[in-house]
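Trainee: Numbering (the numbering used here), first residue to last: 429 to 1070.
Note that the Cβ used here is the ideal one computed from N, Cα and C, for glycine as well.
Please read all numbers here as calculations on a predicted model, not as lab measurements.
My questions will all concern the structure given below.
This is how it looks when you write it as structure tokens:
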């Protein structure tokens, strides 16, 4: 079959075909078409596989109201729409307005959110579709045995993908849908497998996909975008082996040696097929002076996240293992960058806690990782690393890891673009600068008047405020996904979310190696990620200290990508709460002094109500729990949500 006919972009060219097919597939056997008839036709078989793809997420800004979802639901950032869209997911979570009847991740403000709306039922629906497909594909009428082989592998891998999403969000054991349930199934016999056994099932599906000679390692043609690959199979195995070994999920068992073995094999397989870290700038706009990226490492890192991976046998981006769809049409500058660029909204406001995580260029952490804050809950008293002689709290943004400059807009940084909002009367740094020009990103929240008094009024365009949609809540703006010169005249559609990438597999291996006492490998793969941005190698061999460095490296490397939400939870023990990380989120409290200098302090943005132990896992919808309890006599609800 011509591969262009097998076009798997869901909700695009196949929308009408899929819609008519899904309606047909919903018919009872005495309707227009039976399930048996589906698998007696090549194209209908292909369309049924498309239903398995139908709930693949978009992530990135595809969460409701152009939000980054879990990025803003953890301590990486604060959602600047917390007040103006006070019924949406972030605001509800901040208030602690969550129950098993209506949890914001899958209900309430998320009902317009295709990423997590009703995700328990949706993902299990797709898992069932995969099981139905696998039960029928062996005898289905398929024109090409290559197609049969590849489609079978894809169904296995899609089932693994949906199970992975369920485990990450709900963090609990699940029933294994190896064979499709039917109307005659005795659901009283349905058993709930342990978290570890679900991960083993995921790995089994991934291994089935990897055994397929016809499944490619990467997608090389845009007509096949979103199709799953062998690279994804290894990446899922890598991630979920680490999750299964982590304190929240391991049920007191030590699986780290197994995770180490899996990740060692994953790295070897991926490197053997040409996957490598993105290190070199490819486009002139990132190395231009008006991009204001201070070195080649910052330029390449920012470029990587501002562009989708191209589909080619030899792409410039060899780091991305699997990228998702766009999710929706948007440009970052309008909804998630700096509100003053287009005058609409800022969106994601990186936290002071995230900024604190970036080291100085000498390889020293800013804070003592064993106890980052002397006031462990409110974070207003940083516990500085005594060994770091380079960091100055009153010149806090100098000499930082290149990834800091590629990720964060901070007070005193600069941007060239056409600005939608004109400077106000107290825009000291930018008076008279209108239209297309270079401006200083001034994020101060108060200033010293000529008489020495302090006026509590923010810089009008880019200052910090607790009100409005264009200011920053935290004293910082997101830069990681924002094209250097994007504005209303130069709109750029945001890059596709890089759901799995090689840097994660390296750090998964580093973590598993550290926990299983393979210290040489732990340092090797931690330092591979650091070397990409020319950060000094870590030499620490004490397990507890190295664990802290690996955890911090993950926070820096994956900043604002959504990993932190899941990482900080899996590192907790069952029953622990999130008070030290998630209860209070802080901002830079910056005063513009009358001599033009700045005074730096800290302030609390707000207290969140989503830090108790039950928020380690998302509540299973109570209707689903009630159904299973009525059938099996067992309560499947996660702790704290009864």
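#1: Rounded to whole angstroms, what is the Cα-Cα separation between residue 718 and residue 1020?
#2: Touch check for the stretch 595-610 and the stretch 670-681: three-plus C-beta pairs under 8 Å?
#3: Relative to the ligand COA, is the shortest distance from any of its heavy atoms to the C-beta of residue 680 smaller than 7 Å?
#4: Can you give me the Cβ contacts of residue 961 inside the same chain, cut-off strictly under 7 Å, excluding the 5 residues immediately before and after it?
#5: Tell me, please, which residues DSSP counts as bridged to residue 1020.
#6: Taking Cβ to Cβ, would you say residue 937 is nearer than 8 Å to residue 691?
#7: Which same chain residues, not among the five before or five after residue 531, have their C-beta less than 7 Å away from its C-beta?
#8: State the Cα-Cα distance for the pair residue 931 and residue 502, rounded to the nearest angstrom.
#9: Can at least three beta-carbon pairs, one atom from the stretch 757-766 and one from the stretch 908-919, be found at a separation below 8 Å?
#10: Where residue 517 and residue 490 are concerned, what is the direct C-alpha to C-alpha distance, given to the nearest angstrom?
#11: For residue 1027 and residue 873, what's the separation of their Cα atoms in angstroms?
#12: Report yes if the CB atom of residue 949 is closer than 8 Å to the CB atom of residue 750, and no otherwise.
#13: Within a Cβ cutoff of 7 Å, which residues of the same chain sit near residue 607, ignoring the five residues on either side of it in sequence?
#14: Between residue 624 and residue 594, is the Cβ-Cβ spacing less than 8 Å?
#15: What residue from 590, 616 and 637 has the CA that sits closest to residue 578's CA?
#16: Going by C-alpha to C-alpha distance, which of 857, 769, 786 and 861 sits closest to residue 826?
#17: Going by DSSP, what residue range makes up the beta strand (DSSP E) through residue 926?
#18: Can you give me the C-alpha to C-alpha distance between residue 856 and residue 548, rounded to a whole angstrom?
#19: Roughly how many angstroms lie between the CA atoms of residue 1065 and residue 528, to the nearest whole one?
#20: Considering only the alpha carbon of each residue, which of 659, 794, 884 and 769 lies closest to residue 866?
#21: Can you grab the Cα-Cα spacing for the pair residue 803 / residue 963, in whole Å?
#22: So the candidates are 1067, 781, 823 and 1002; which of them puts its Cα closest to the Cα of residue 1009?
#23: Could you pull out every residue in the same chain whose Cβ sits closer than 8 Å to the Cβ of residue 1035, ignoring the five residues on either side in sequence?
#24: In angstroms with no decimal places, state the Cα-to-Cα distance between residue 795 and residue 633.
#25: Counting only runs of 3+ residues fully inside the stretch 875-955, write out the beta strand (DSSP E) ranges in chain order.
#26: Specify, as a first and last residue, the run of the beta strand (DSSP E) that residue 841 falls within.
#27: Return the chain-ordered ranges of every beta strand (DSSP E) run that is complete within the stretch 745-770 and spans a minimum of 3 residues.
#28: Please report the Cβ distance between residue 752 and residue 484, rounded to the nearest whole angstrom; I am assuming they are in contact, meaning their Cβ atoms lie under 8 Å.
#29: What is the rounded straight-line gap between the Cα of residue 521 and the Cα of residue 1043?
#30: Can you list, in chain order, the residues of its chain whose CB lies under 7 Å from that of residue 980, leaving out five sequence neighbours each side?
#31: Considering only residues of the stretch 763-835, which uninterrupted alpha helix (DSSP H) runs meet the minimum length of 4 residues and lie entirely inside it, listed in chain order?
#32: Suppose only complete runs of 3+ residues qualify. What are the beta strand (DSSP E) ranges in the stretch 971-1045, listed by chain order?
#33: Secondary structure at residue 501, three-state DSSP: helix, strand or coil?
#34: Does the stretch 466-475 come within contact of the stretch 568-576, defined as at least 3 CB pairs closer than 8 Å?
#35: Helix, strand or coil, according to DSSP, for residue 558 in the structure here?
#36: Identify the residues that DSSP records as bridge partners of residue 837: which are they?
Mentor: Considering the structure as presented:
#1: 25 Å
#2: yes
#3: Absent from the structure shown: the ligand COA. Ligands present: none.
#4: 725, 729, 829, 830 and 831
#5: 875 and 1026
#6: yes
#7: 1046 and 1047
#8: 21 Å
#9: yes
#10: 13 Å
#11: 11 Å
#12: no
#13: 559 and 563
#14: no
#15: 637
#16: 786
#17: 926-929
#18: 51 Å
#19: 8 Å
#20: 769
#21: 29 Å
#22: 781
#23: 1011 and 1012
#24: 42 Å
#25: 926-929
#26: 841-846
#27: 748-751
#28: 7 Å
#29: 10 Å
#30: 785, 793 and 797
#31: 767-770, 780-785 and 830-835
#32: 1012-1020 and 1026-1035
#33: coil
#34: yes
#35: helix
#36: 905
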